[in-house]
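Below: the structure, in structure tokens.
There are 2 protein chains.
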Amino acid sequence: MKEYIKKIDGGVTAAKGFKAAAHAAGIKYKGRDDMALIFSDAPCVTAGTFTTNNVKAAPVIWDMQVIRNGAGCRAVVVNSGIANAATGKAGMEICEKTAEAMSSLYGGSRDGVLVASTGVIGMQIDAGRITAGCGELYKKLSDSREAGEAAARAIMTTDTHKKESAVELTLSGGSTVRIGAMTKGSGMIHPNMCTMLGFVTTDADIDRTLLQKALTSVVDDTFNMISVDGDTSTNDTYVVLANSLAGNPRIETEEEDYERFREALFVVSEDLAKQMAGDGEGATSLFECRVCGARSVTDAKQLSKSVIGSSLCKAAIFGHDSNFGRFLCALGYSGVSFDPEQVDIWYESAAGKMHIVHNGMGTGYDEEEATRLLSEDKITVLVDMHMGEAEATAWGCDLSYDYVKINADYRS
Amino acid sequence: MKEYIKKIDGGVTAAKGFKAAAHAAGIKYKGRDDMALIFSDAPCVTAGTFTTNNVKAAPVIWDMQVIRNGAGCRAVVVNSGIANAATGKAGMEICEKTAEAMSSLYGGSRDGVLVASTGVIGMQIDAGRITAGCGELYKKLSDSREAGEAAARAIMTTDTHKKESAVELTLSGGSTVRIGAMTKGSGMIHPNMCTMLGFVTTDADIDRTLLQKALTSVVDDTFNMISVDGDTSTNDTYVVLANSLAGNPRIETEEEDYERFREALFVVSEDLAKQMAGDGEGATSLFECRVCGARSVTDAKQLSKSVIGSSLCKAAIFGHDSNFGRFLCALGYSGVSFDPEQVDIWYESAAGKMHIVHNGMGTGYDEEEATRLLSEDKITVLVDMHMGEAEATAWGCDLSYDYVKINADYRS
Chain A
1 MKEYIKKIDG GVTAAKGFKA AAHAAGIKYK GRDDMALIFS DAPCVTAGTF
51 TTNNVKAAPV IWDMQVIRNG AGCRAVVVNS GIANAATGKA GMEICEKTAE
101 AMSSLYGGSR DGVLVASTGV IGMQIDAGRI TAGCGELYKK LSDSREAGEA
151 AARAIMTTDT HKKESAVELT LSGGSTVRIG AMTKGSGMIH PNMCTMLGFV
201 TTDADIDRTL LQKALTSVVD DTFNMISVDG DTSTNDTYVV LANSLAGNPR
251 IETEEEDYER FREALFVVSE DLAKQMAGDG EGATSLFECR VCGARSVTDA
301 KQLSKSVIGS SLCKAAIFGH DSNFGRFLCA LGYSGVSFDP EQVDIWYESA
351 AGKMHIVHNG MGTGYDEEEA TRLLSEDKIT VLVDMHMGEA EATAWGCDLS
401 YDYVKINADY RS
Chain B
1 MKEYIKKIDG GVTAAKGFKA AAHAAGIKYK GRDDMALIFS DAPCVTAGTF
51 TTNNVKAAPV IWDMQVIRNG AGCRAVVVNS GIANAATGKA GMEICEKTAE
101 AMSSLYGGSR DGVLVASTGV IGMQIDAGRI TAGCGELYKK LSDSREAGEA
151 AARAIMTTDT HKKESAVELT LSGGSTVRIG AMTKGSGMIH PNMCTMLGFV
201 TTDADIDRTL LQKALTSVVD DTFNMISVDG DTSTNDTYVV LANSLAGNPR
251 IETEEEDYER FREALFVVSE DLAKQMAGDG EGATSLFECR VCGARSVTDA
301 KQLSKSVIGS SLCKAAIFGH DSNFGRFLCA LGYSGVSFDP EQVDIWYESA
351 AGKMHIVHNG MGTGYDEEEA TRLLSEDKIT VLVDMHMGEA EATAWGCDLS
401 YDYVKINADY RS
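Those sequence lines, one after another, are chains A and B.
In this text, residue positions in the first sequence follow the numbering used here: the first is 1, and each later residue adds one.
In this text, residue positions in the second sequence follow the numbering used here: the first is 1, and each later residue adds one.
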């Protein structure tokens with residue numbers, strides 16, 4: 001990591017002027033927080049990427065409008081439990097009512113409120129509960145570390161732990177800005193353009209177009225490179241709010257400070273993407289595939305995603321079984337053309353590194369040793385295609401009994 | 001089914017002049033048949049479709065040459081246990097030696113022998129065992145029903161039962177021909193151009209180009225419409241051998257008799273494709289998705305395959321859980337553009353038929369009743385897109401604990 005980027009403990013309240021809150025509104029879950037609010041003391045410029053699923057949840061459609069309009073945004077209201085997808089006109093009305101309830105609390109316009117939902121598709125959210133929840137959230141707002149943590153927990157569904165990340169960035173002129181974020185996501189994770197719910201707050205002063213540009217480029221190499229189950233959700237949302245309260249010289253051109261900001265956003269996003277992949281439903285390990293020696297980055301991405309997306313590769317990782325033919329097979333059906341007799345594969349984990357395939361054939365490695373490597377909680381499969389200089393990394397998780405268990409009866 | 005097509009009990013020995021045999025050659029499995037031979041009394045014209053995986057097993061490369069050369073083919077030698085994939089030059093030599101051993105037994109050319117393998121990728125086959133196996137198989141050849149059954153069992157890997165199908169077809173002039181077939185396949189099933197191992201024998205007299213044309217068109221609507229786990233194998237092979245011993249007027253033009261033959265081949269192939277999907281690794285049910293009202297057949301295929309390929313839809317079927325949002329979600333990320341608020345969905349099984357989604361939203365159906373429908377061993381999800389007239393059907397299976405169990409430790 002570059003010397004001007006420093007990881008710090010924190011989440012959405014790490015940057016100046018951002019507050020958060022969590023509340024148990026009884027949307028669907030009992031006895032736990034299921035609503036979260038992010039609030040900025042000053043109007044923000046915003047950028048976002050959203051699901052490419054043709055079936056878009058109502059909050060996704062709402063947020064796309066809010067971001068397109070570009071009115072100074074102040075608040076993000078999130079609920080877990082119900083996705084508000086496949087809910088027709090009634091679903092859009094819930095978004096409007098939520099934004100109205102929230103904006104009336106601080107005396108702003110409803111166009112300045114982003115909303116997001118995650119949970120079961122096809123159920124309606126109770127309007128009374130969600131608007132009452134807005135009032136409670138607003139009362140509880142705090143810029144404390146704990147408020148950020150509580151918000152990160154409130155947006156979880158099948159996640160087993162909260163996901164936060166934050167950095168402090170020093171710009172070329174010496175001013176510092178902060179970027180903090182939280183995400184949720186564990187199943188229905190196969191981002192395409194963006195993934196799951198993710199919220200980034202920053203006190204940087206940055207041009208709106210550049211903010212969107214940085215976000216889009218970062219998402220391509222982070223959230224778009226993870227997969228839990230190949231299912232692209234109806235609700236994927238990743239948004240950034242920048243309130244300019246750091247007072248840095250405004251980032252208005254694609255020069256040094258833009259690059260630094262982009263890198264810092266990358267660090268936060270990659271951190272969260274890996275946290276999400278490793279916490280995939282039922283996962284016992286983070287399964288990383290790094291492909292090098294590809295002809296192009298596009299090829300390298302396609303190859304690495306094919307490996308981490310393969311049910312058979314994922315099941316082999318779960319079984320700590322060095323069935324390397326499955327990795328070759330998944331590379332083979334990725335759609336990228338290559339010479340199978342040039343491929344080399346290594347395993348790497350905390351237990352060591354091992355050469356498994358040379359020129360497309362097994363190296364005659366020690367099976368027990370391979371099993372030992374594959375028994376760690378983070379496994380990397382390194383692939384060298386020997387065709388060029390391009391590389392890419394994708395992240396997934398193993399496929400366990402618990403994935404089936406969680407998803408055979410998610411609604412009850 | 002048309003009146004000129006009649007299902008009959010049988011497999012690869014159903015058509016005139018075809019014999020079969022099975023043998024325990026000890027390739028990898030212990031105490032079970034693991035080699036099969038199909039043999040024709042007369043030279044055959046052949047057609048085939050093969051995996052689109054860039055990593056092609058040696059036997060696939062061998063068979064593509066044999067079929068391209070078009071030398072009168074007499075024999076197909078199959079082994080289970082080892083896939084002979086990712087085996088380099090040594091793997092190609094195994095194919096040559098097998099074909100040589102077999103052809104020398106009946107005094108033919110090695111170009112007339114097709115070979116096929118299925119099992120673990122990356123292991124070498126012992127040449128001595130497989131050539132010795134050829135001798136034993138040739139001695140045991142028989143045209144009995146039992147010989148066909150034994151061959152169908154010998155080629156199984158994780159399959160729980162053999163897969164055979166046969167029909168008798170009456171051509172327009174009154175002559176009858178037979179088509180018999182066997183397939184294997186349970187995991188690594190996501191055909192693209194073709195799937196798994198499948199062997200069709202027919203005594204029809206038919207032009208080689210028309211035979212290939214019929215095969216290709218049939219495979220597109222049958223084997224290319226099934227998926228167990230999204231993994232396209234390195235060994236997919238589906239070949240037809242036609243020995244002309246029925247003595248029918250040769251099928252040389254794309255007229256009435258060609259159409260009848262194509263239909264009969266479709267009946268056999270669809271039957272086997274559904275048997276394979278329903279016997280997917282760990283499967284407890286056959287999961288069918290029929291999409292109608294699509295703008296084009298291509299769209300209908302893409303939509304139906306997206307649903308049966310979704311891990312979340314498959315897990316819901318396993319749990320008998322009417323989580324209809326997952327079906328909408330999978331339609332949405334299929335890549336086909338449509339209006340979600342026009343979509344209707346029904347469940348259909350032996351227990352009845354039920355309207356679940358109307359205009360993109362839940363109908364308020366009875367949940368217990370839905371669970372009862374989803375508890376049958378064949379479930380159909382019917383989708384009407386209300387956009388056009390095109391339709392297609394895809395077949396898969398549910399995702400169970402046993403899929404994970406089988407694949408976490410397949411090699412041991």
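Ideal Cβ placement from N, Cα and C applies to all residues, glycine included.
This structure is a prediction, so every number in the text was calculated from the model and none was measured.
Residue i: first and last residue of the uninterrupted alpha helix (DSSP H) it sits in
i: residue 254/A; result: It is not in any alpha helix (DSSP H) - residue 254/A carries neither H nor E in the DSSP assignment.
i: residue 425/B; result: Because chain B in this structure spans residues 1 to 412, residue 425/B falls outside the shown range and cannot be described.
i: residue 52/A; result: It is not in any alpha helix (DSSP H) - residue 52/A carries neither H nor E in the DSSP assignment.
i: residue 163/B; result: Counting along the chain, residue 163/B falls outside any alpha helix (DSSP H), though it belongs to the beta strand (DSSP E) covering 163-170.
i: residue 374/A; result: 367-374
i: residue 405/A; result: 401-408
Residue-chain proximity (residue i, chain B), Cβ-Cβ < 8 Å
i: residue 193/A; result: With a pLDDT of only 33 at residue 193/A, under 50, the local geometry of the prediction cannot be trusted, and the value read off the model is given with reservation. Output row for residue 193/A: interface = no.
i: residue 321/A; result: yes
i: residue 341/A; result: yes
i: residue 224/A; result: no
i: residue 1/A; result: no
i: residue 55/A; result: yes
i: residue 328/A; result: yes
i: residue 120/A; result: yes
i: residue 80/A; result: no
i: residue 35/A; result: no
Strand pairing of residue i, partner residues [DSSP]
i: residue 114/B; result: 76/B
i: residue 347/B; result: 354/B and 381/B
i: residue 219/B; result: According to DSSP, residue 219/B bridges with nothing at all.
i: residue 202/A; result: 179/A and 242/A
i: residue 23/B; result: 35/B
i: residue 318/B; result: The partner list for residue 318/B (beta bridge, DSSP) is empty, contrary to what the question assumes.
Residue i at chain A interface by Cβ criterion, 8 Å
i: residue 286/B; result: no
i: residue 387/B; result: no
i: residue 265/B; result: no
i: residue 86/B; result: yes
i: residue 401/B; result: yes
i: residue 92/B; result: no
i: residue 408/B; result: yes
i: residue 297/B; result: no
i: residue 133/B; result: no
i: residue 404/B; result: yes
i: residue 233/B; result: yes
i: residue 325/B; result: yes
Buried or exposed (CB count within 10 angstroms, at least 16 for buried), residue i
i: residue 1/B; result: exposed
i: residue 191/B; result: Residue placement at residue 191/B is flagged as unreliable, the pLDDT there being 45, under the threshold of 50; a coordinate-derived value is accordingly withheld.
i: residue 178/A; result: buried
i: residue 8/B; result: exposed
i: residue 393/B; result: buried
i: residue 412/A; result: Confidence is the limiting factor: at residue 412/A the pLDDT is only 45, short of 50, which leaves the residue's position unreliable, though a coordinate-based value still follows. Classification for residue 412/A: exposed.
The beta strand (DSSP E) enclosing residue i, as first and last residue numbers
i: residue 238/B; result: 237-242
i: residue 178/B; result: 176-184
i: residue 393/B; result: 390-397
i: residue 298/B; result: Premise fails: residue 298/B lies in the alpha helix (DSSP H), 297-309, not in any beta strand (DSSP E).
i: residue 105/B; result: No beta strand (DSSP E) contains residue 105/B, which is instead part of the alpha helix (DSSP H) from 88-106.
i: residue 293/B; result: 286-294
i: residue 155/B; result: From DSSP, residue 155/B is part of no beta strand (DSSP E); its letter is neither H nor E.
Residue of the options minimising C-alpha distance to residue i
i: residue 344/A; options: 337/A, 351/A and 327/A; result: 327/A
i: residue 68/A; options: 382/A, 130/A and 239/A; result: 239/A
i: residue 57/B; options: 219/B, 236/B and 268/B; result: 236/B
i: residue 249/A; options: 224/A, 204/A and 262/A; result: 204/A
i: residue 83/A; options: 156/A, 161/A and 351/A; result: 156/A
i: residue 128/B; options: 374/B, 26/B and 176/B; result: 26/B
i: residue 28/B; options: 118/B, 108/B and 107/B; result: 118/B
i: residue 70/B; options: 387/B, 40/B, 113/B and 378/B; result: 113/B
i: residue 346/B; options: 331/B, 380/B and 225/B; result: 380/B
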